[in-house]
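Chemist: Residues in the sequence shown are numbered from 1 upward in steps of one, following the UniProt record's numbering. All residues carry an ideal CB built from backbone N, CA and C; glycine is no exception.
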Amino acid sequence: MGNEMSQYKRIRDQYQTFEELVQVGVSKYQIRQRNRECESGITLEYLTMLHNAYQDFIQDISKTIPVIRVRWDQYRSAQDVAEKLAEEFARLRTVRNVSFPGSTVMEVGCVGKTTSPVSGMSTIEL
Numbered sequence: 001m002g003n004e005m006s007q008y009k010r011i012r013d014q015y016q017t018f019e020e021l022v023q024v025g026v027s028k029y030q031i032r033q034r035n036r037e038c039e040s041g042i043t044l045e046y047l048t049m050l051h052n053a054y055q056d057f058i059q060d061i062s063k064t065i066p067v068i069r070v071r072w073d074q075y076r077s078a079q080d081v082a083e084k085l086a087e088e089f090a091r092l093r094t095v096r097n098v099s100f101p102g103s104t105v106m107e108v109g110c111v112g113k114t115t116s117p118v119s120g121m122s123t124i125e126l
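(1) Is the number of C-beta pairs between the segment 27–37 and the segment 80–96 that are closer than 8 Å three or more?
(2) At what residues does the alpha helix (DSSP H) containing Glu-88 begin and finish?
(3) Quick check on the DSSP output: the alpha helix (DSSP H) that includes Arg-32 runs from which residue to which?
(4) For Lys-9, which of helix, strand or coil comes out of DSSP?
(5) Out of curiosity, what's the CA-to-CA distance linking Gln-7 and Arg-69?
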């Protein structure tokens, strides 16, 4: 987890401007509806550039950190969103084993201190 977090922070810092400026569902129409003077000069080209940069960021970060996209164009209750996120997150939590000829990877139960407090299992390579 620590390595994933440091990877995330490194990548996030490169794209921090995009994280702050790009919000899902922001469109030229919504900007007009808000009618804020400070947003009046935002062009469709600028929004397109931000959208493309954000998509590049998501593709880049998703190589090391799971990404769950949530469509916000239709209303859902907080409970519905939380349940759907929990389902998707559960699917992302998997263990992948890599083995080479002549080696065996097995999981064994441990007594006392374990490396996985959730499962109580440790991985041992023989």
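Modeler: In brief:
(1) no
(2) 78–92
(3) 28–34
(4) helix
(5) 19 Å
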